[in-house]
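Numbering (full-length UniProt numbering), first residue to last: 1 to 316.
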């Protein structure tokens with residue numbers, strides 16, 4: 001069992017070779033430079049400053065003195081007065097890109113241009129339509145977490161991802177703590193939380209912790225001798241898709257490339273069962289079996305939706 005005082009995994013080490021923070025500078029868009037610097041520190045990704053063609057033309061003469069050519073003929077840039085190295089705008093950028101756009105922070109894959117930008121947007125038409133017309137507390141997810149009448153529940157979403165399920169749970173009245181282990185995905189969520197507009201009750205019900213879920217539950221539970229951390233603990237572990245399923249959503253394909261399948265989902269479920277006051281809910285594809293536990297425990301019930309099943313473990 002993990003020592004609660006053990007430091008969490010180093011996000012810089014976790015993200016080596018994955019991607020790059022890109023800071024877009026344009027006269028029509030004041031890039032959030034402080035946010036980019038903070039994100040660069042958290043992820044270990046360098047900042048690439050991209051400027052508009054006009055800005056590049058104006059700066060060519062100013063930057064020429066700082067450029068040197070290495071043995072391979074690649075352009076490099078000397079560190080500035082603060083010691084930060086800025087990558088030349090003409091230099092090839094990484095396959096994975098975190099981009100500050102006028103709409104917000106986006107994840108972009110240079111080798112998948114057809115995907116476009118991957119963003120979390122709690123103001124999007126799709127999410128708001130689901131909030132207004134998705135069935136409310138009659139929706140499968142609401143039934144699965146057990147929210148009824150004027151009840152409010154505290155929920156820990158151990159696998160926040162794009163935040164869609166957290167959004168739905170908050171929309172029906174739950175107070176949701178989102179946990180996300182990937183600093184890249186967590187950055188998208190954090191940016192989206194800053195941009196919640198016109199839905200004040202949601203911003204009050206949604207919070208984010210950038211951490212590994214198992215580490216969080218153990219440190220909050222055992223470290224503080226807490227028996228129950230929330231009414232409901234929710235899990236939506238990633239799973240390998242059927243080989244015949246070619247049209248997997250772009251977000252899921254990107255996440256699978258970033259994180260891989262959740263090989264520790266059984267361990268996370270075992271830990272969650274120790275710290276949920278009322279129930280643990282596990283989202284599964286409709287064709288998948290329940291997660292196999294060493295204890296042999298099975299779901300007490302299941303709630304079906306069109307494509308998924310919510311396995312519900314009732315606490316006694």
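Cβ coordinates follow ideal geometry from the N, Cα and C atoms, glycine included.
Validate contact between the segment 226-239 and the segment 145-161 using beta carbons, cut 8 Å, 3 pairs = yes
Could you check if residue 286 is buried or exposed, using at least 16 other CB atoms within 10 Å of its CB as the buried criterion?
-> exposed
Which listed residue (281, 296 and 291) has its alpha carbon closest to that of residue 314 | 281
Cα separation between residue 288 and residue 32?
-> 43 Å
Through-space distance from residue 292 to residue 312, alpha-carbon basis = 14 Å
Per DSSP, residue 156 forms a beta bridge with which residues?
-> 177 and 233
What's the C-alpha gap between residue 176 and residue 165?
-> 10 Å
With burial defined as no fewer than 16 other Cβ atoms inside 10 Å of the residue's Cβ, what is the status of residue 298: buried or exposed?
-> exposed
Can you check DSSP and say which residues form a bridge with residue 281?
-> 234 and 312
Just the C-alpha distance for residue 154 and residue 46, rounded to the nearest angstrom, thanks.
-> 37 Å
Considering only residues of the same chain and omitting the five flanking positions on each side of residue 181, which have a CB-CB separation below 6 Å?
-> 212
Close Cβ partners of residue 205 (< 8 Å) along its chain, the five nearest in sequence each way excluded | 170, 173, 174, 175 and 176
What do you get for residue 116, buried or exposed, if any count of 16 or more other CB atoms within 10 angstroms of its CB means buried?
-> exposed
Quick one: give me the first and last residue of the beta strand (DSSP E) that residue 216 is part of.
-> First-last for residue 216: 213-221, but that is the alpha helix (DSSP H), not the beta strand (DSSP E).
Quick one: is residue 150 buried, meaning 16 or more other Cβ sit within 10 Å of its Cβ, or exposed?
-> exposed
In terms of residue numbering, what span does the alpha helix (DSSP H) encompassing residue 194 cover?
-> 183-194
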